[in-house]
Amino acid sequence: MSAIAEEIPLSERGPAPTRIVVSFGFWLFLLSDIVIFSALFAAYAVLAQRTAGGPTGAQIFDLKHVFLETCCLLVSSFTCGLCVLAMERRSHTMIHVWAAVTFVLGVSFISLELSEFIGMFSRGINPARSAFLSAFFGLVGTHGIHVTAGLCWLAVMMTQIATLGLRPKVAQRLVCFSLFWHALDLVWIGVFTIVYLGART
Amino acid sequence: MKSNGTAQQAEDAPGEHDADPASNLQSYVIGFGFAIVLTLASFGAAVTHWVWAPGLPVLLAVLAIAQMGVHLVFFLHVSSSPDSVNTVLALAFGIFVVGLVVFGSMIIMANLSDYMMPMQQLMQMQR
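Sequences listed follow chains A and B, in order. My numbering numbers the first residue of the first sequence as 1 and each following residue consecutively. My numbering numbers the first residue of the second sequence as 1001 and each following residue consecutively.
Here it is, written out as structure tokens:
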């Protein structure tokens, strides 16, 4: 193994194994997704002070709520990693346990976010109120939609593992899902730092 | 690549794992520990008033970048091994584009805002 790696130059080693190529392709997709978020972050950074006489961020954000959301997403990211580890050990029970924990935590994140949004709407805080609120709902809403899509994907993966078993393609999809889920947590770090904590500075 | 272990590691793309599950579990637990500490530090610094207020944005930025680094290394398994050069290059390009979009927009919009006629005068001209 090491002898081959040392003797043959990188350019002459032929195509990489499928798992590496697939992961790299998915990695490129994740980076392009992060570029979309960067545009929304840029819009938020430019418009954060443009409240048009409406409420400012410091007035409407409840940090306890946000802290709970952050904990849900962070722990779900960890359990998602444990789910992939369980898959490598071929332990079906643990895959389903950790996938279920990840799913429940993801659902609690989305419900917390929805309850936050519904509370805001009931107080007349909506995207049409000011440029700041348009940018806020645009950024946080897009992240929420991504998490919802991730939950649908996770549900499909759990069904596939239950029905198709752990064939290589299914395992590869689960690895891609875990990359997606970790990337969403990465974006959320930016959201809670810039949007929620940034409003207090 | 000197040893078998390095060659094994060299095949890791993001999300790929070593054959030894125990070391991986360790990596996830370490990453999770760092992430918890950094998250608590961010929220703690923002809520309490222990940090000098004008320095708070810098501290929050540093904590966020540190936590993103922790996630990339321990959860997304970006490493410096020779064969994951492509992954790191793509990441570098991604960071470059994100920086251009975010800071470019902020600079351009701040500049436009500086050159814009004050709203009062603009309203008078439109009458």
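The beta carbon of each residue, even a glycine, is placed where N, CA and C say it ideally should be. Keep in mind the model is a prediction, meaning the values are calculated, not measured.
| query | Using a Cβ cut-off of 9 Å, which residues of the segment 24–35 of chain A contact any Cβ in chain B, in chain order? | reply | Of all residues in the segment 24–35 of chain A, those with a C-beta nearer than 9 Å to a C-beta of chain B are Phe24, Phe26, Trp27, Leu28, Leu30, Leu31, Ser32, Ile34 and Val35, reading in chain order.
| request: Mind checking which residues open and close the alpha helix (DSSP H) that includes Leu82/A? | output: Locating residue 82/A in the first sequence gives position 82, where the first residue counts as 1. Taken as a continuous stretch (DSSP letters only), the alpha helix (DSSP H) holding Leu82/A covers Leu63 to Glu88.
| In three-state terms, what does DSSP make of Ala1007/B? | In the second sequence, residue 1007/B corresponds to position 7, counting from 1. Per-residue confidence for Ala1007/B stands at a pLDDT of 43, beneath the threshold of 50, marking its modelled position as unreliable; the derived number appears in the next sentence. Correct three-state label for Ala1007/B: helix.
| task | Quick one: grab the DSSP three-state call for Leu166/A. | result | On the first sequence, position 166 is the one that residue 166/A refers to. Secondary structure of Leu166/A (DSSP, three-state): coil.
| field | CA nearest to the CA of Met87/A, picked from Cys71/A, Ile161/A, Gly198/A and His146/A | value | Indexing the first sequence from 1 puts residue 87/A at position 87. When only C-alpha atoms are compared, the closest one is Ile161/A.
| said: Assuming Gly57/A and Arg129/A are in contact, meaning their beta carbons sit under 8 Å apart, how far apart are those beta carbons, in whole angstroms? | reply: Start at 1 with the first residue of the first sequence, and residue 57/A comes out as number 57. Start at 1 with the first residue of the first sequence, and residue 129/A comes out as number 129. Wrong, their Cβ atoms sit about 13 Å apart, outside the cutoff.
| Got a sec? Which residues, its chain only, sit under 8 Å from Leu203/A by beta carbon, not counting five neighbours each side? | Only positions 1 to 201 of chain A appear in this structure, which leaves residue 203/A out of reach.
| request: Give the secondary structure of Leu1024/B by DSSP, where H, G and I count as helix, E and B as strand, and everything else as coil. | output: Locating residue 1024/B in the second sequence gives position 24, where the first residue counts as 1. The displayed chain sequence assigns Asn, not Leu, to residue 1024/B. In the three-state reduction of the DSSP assignment, Asn1024/B falls in the helix class.
| Assigned secondary structure, Ala1045/B (DSSP; H/G/I helix, E/B strand, else coil) | Counting from one through the second sequence, the residue named residue 1045/B turns up at place 45. Per DSSP, reduced to three states, the secondary structure at Ala1045/B is helical.
| query | For Gln1126/B, does the three-state DSSP call read helix, strand or coil? | reply | Your numbering for residue 1126/B matches position 126 in the second sequence. Looking at Gln1126/B - three-state DSSP - the assignment turns out to be helix.
| With burial defined as no fewer than 16 other Cβ atoms inside 10 Å of the residue's Cβ, what is the status of Ala1007/B: buried or exposed? | The count along the second sequence starts at 1 and reaches residue 1007/B at position 7. Bear in mind that a pLDDT of 43 at Ala1007/B, under 50, signals an unreliable position, so the number given afterwards is only what the model happens to contain. Buried, since its Cβ has 16 or more Cβ neighbours within 10 Å.
| task | Give the single residue among Thr1039/B, Ala1064/B, Val1078/B and Met1106/B whose Cα lies nearest to the Cα of Ala48/A. | result | Along the first sequence, read from residue 1 onward, the residue named residue 48/A stands at position 48. Of the candidates Thr1039/B, Ala1064/B, Val1078/B and Met1106/B, Met1106/B places its Cα closest to the Cα of Ala48/A.
| query | Given Val170/A, which residues of its chain have a CB within under 8 Å of its CB, disregarding the five upstream and five downstream residues? | reply | Here residue 170/A corresponds to residue number 170 of the first sequence, with the count starting at 1. Same-chain partners within the cutoff: Met157, Gln160, Ile161 and Leu164.
| task | Could you tell me whether the Cβ atoms of His146/A and Ser77/A are closer together than 8 Å? | result | Here residue 146/A refers to the residue found at position 146 of the first sequence. Here residue 77/A refers to the residue found at position 77 of the first sequence. No, these two residues do not count as a Cβ contact at 8 Å.
| said: Considering only heavy atoms of the ligand COA, does any lie closer than 7 Å to the CB of Thr56/A? | reply: The ligand COA is not part of this structure, which contains no ligands at all.
| request: Quick one: using the 10 Å Cβ neighbour count with 16 as the cut-off for buried, is Leu1112/B buried or exposed? | output: Taking the second sequence and counting its residues from 1, the one referred to as residue 1112/B is at position 112. With fewer than 16 other Cβ atoms within 10 Å, it is exposed.
| task | Answer with buried or exposed for Gln1121/B, where buried requires no fewer than 16 other C-beta atoms within 10 angstroms of its C-beta. | result | Along the second sequence, read from residue 1 onward, the residue named residue 1121/B stands at position 121. With fewer than 16 other Cβ atoms inside 10 Å of its own Cβ, Gln1121/B counts as exposed.
| Which residue from Thr51/A, Leu40/A and Cys80/A puts its Cα closest to that of His96/A? | Locating residue 96/A in the first sequence gives position 96, where the first residue counts as 1. Scanning Thr51/A, Leu40/A and Cys80/A for the CA closest to the CA of His96/A turns up Cys80/A.
| Can you find at least 3 beta carbon pairs, one from the segment 107–118 of chain A and one from the segment 66–77 of chain A, that sit closer than 8 Å? | Counting Cβ pairs under 8 Å, three or more are found: they touch.
| Name the chain A residues that come within less than 8 Å of Tyr1115/B, Cβ to Cβ? | For the purposes of this step, residue 1115/B is taken as residue 115 along the second sequence, with counting starting at 1. Residues of chain A passing the Cβ test: none, with the nearest at roughly 15 Å.
| said: Against Ser77/A, what residues of chain B qualify as contacts under a CB-to-CB distance less than 7 Å, listed in chain order? | reply: In the first sequence, counting from the first residue as 1, residue 77/A sits at position 77. In chain order: Phe1075.
| task | List the residues of chain B that Thr201/A touches, going by C-beta distances under 8 Å, in chain order. | result | Locating residue 201/A in the first sequence gives position 201, where the first residue counts as 1. By Cβ distance, chain B contributes Ala1046, Ala1053, Leu1056, Pro1057 and Leu1060.
| said: Within a Cβ cutoff of 6 Å, which residues of the same chain sit near Cys152/A, ignoring the five residues on either side of it in sequence? | reply: Here the question's residue 152/A lines up with position 152 in the first sequence. Result list for Cys152/A: empty, nothing under 6 Å.
| Would DSSP call His1077/B helix, strand or coil? | As a first step, residue 1077/B must be located in the second sequence, where it is residue number 77. Coil, per DSSP.
| Looking at C-alpha atoms only, which residue of Gln1126/B, Val1051/B and Gly1069/B is the closest neighbour of Gly1031/B? | By one-based count along the second sequence, residue 1031/B stands at place 31. For the set Gln1126/B, Val1051/B and Gly1069/B, the Cα lying nearest the Cα of Gly1031/B is the one of Gly1069/B.
| Whole-number beta carbon distance between Leu40/A and Val75/A, since they are thought to touch under 8 Å | Numbered from its first residue, the first sequence carries residue 75/A at position 75. Numbered from its first residue, the first sequence carries residue 40/A at position 40. 25 Å between Cβ atoms; not a contact.
| query | Gly138/A: which of Phe37/A, Met94/A, Ile194/A and Ser11/A sits nearest, CA to CA? | reply | To locate residue 138/A, count along the first sequence from 1; it is residue 138. Nearest to Gly138/A by C-alpha distance, out of Phe37/A, Met94/A, Ile194/A and Ser11/A, is Phe37/A.
| query | Quick one: Cα of Gly1015/B to Cα of Asp1114/B, how far? | reply | Residue mapping note: residue 1015/B aligns to position 15 of the second sequence, counting from 1. Residue mapping note: residue 1114/B aligns to position 114 of the second sequence, counting from 1. Note that Gly1015/B scores a pLDDT of 47, beneath 50, so its modelled location is shaky and nothing firm can be said.
| Can you find a CB in chain A that lies within less than 8 Å of the CB of His1071/B? | Here residue 1071/B refers to the residue found at position 71 of the second sequence. Taking Cβ atoms only, chain A reaches closer than 8 Å to His1071/B, which makes this a yes.
| field | Contacts around Glu7/A, its chain only, beta-carbon distance under 8 Å, and the 5 residues preceding and following it disregarded | value | Your numbering for residue 7/A matches position 7 in the first sequence. Around Glu7/A, the same chain offers no residue with a beta carbon nearer than 8 Å, after the five sequence neighbours per side are excluded.
| task | Return the CA-CA distance between Ala1053/B and Thr201/A, expressed in angstroms with no decimal places. | result | Position 53 of the second sequence, counting from 1, holds the residue named residue 1053/B. Position 201 of the first sequence, counting from 1, holds the residue named residue 201/A. Near 7 Å, if we compare the C-alpha coordinates of Thr201/A and Ala1053/B.
| Phe136/A beta carbon less than 8 Å from that of Tyr44/A | Position 44 of the first sequence, counted from the first residue, corresponds to residue 44/A. Position 136 of the first sequence, counted from the first residue, corresponds to residue 136/A. Going by beta carbons, Tyr44/A and Phe136/A fall inside the 8 Å limit.
| said: Just to confirm the assignment, what range does the alpha helix (DSSP H) spanning Leu1112/B have? | reply: Sequence index remark: in the second sequence, residue 1112/B carries index 112 (1-based). For Leu1112/B, the uninterrupted alpha helix (DSSP H) run begins and ends at Val1085 to Tyr1115, by DSSP.
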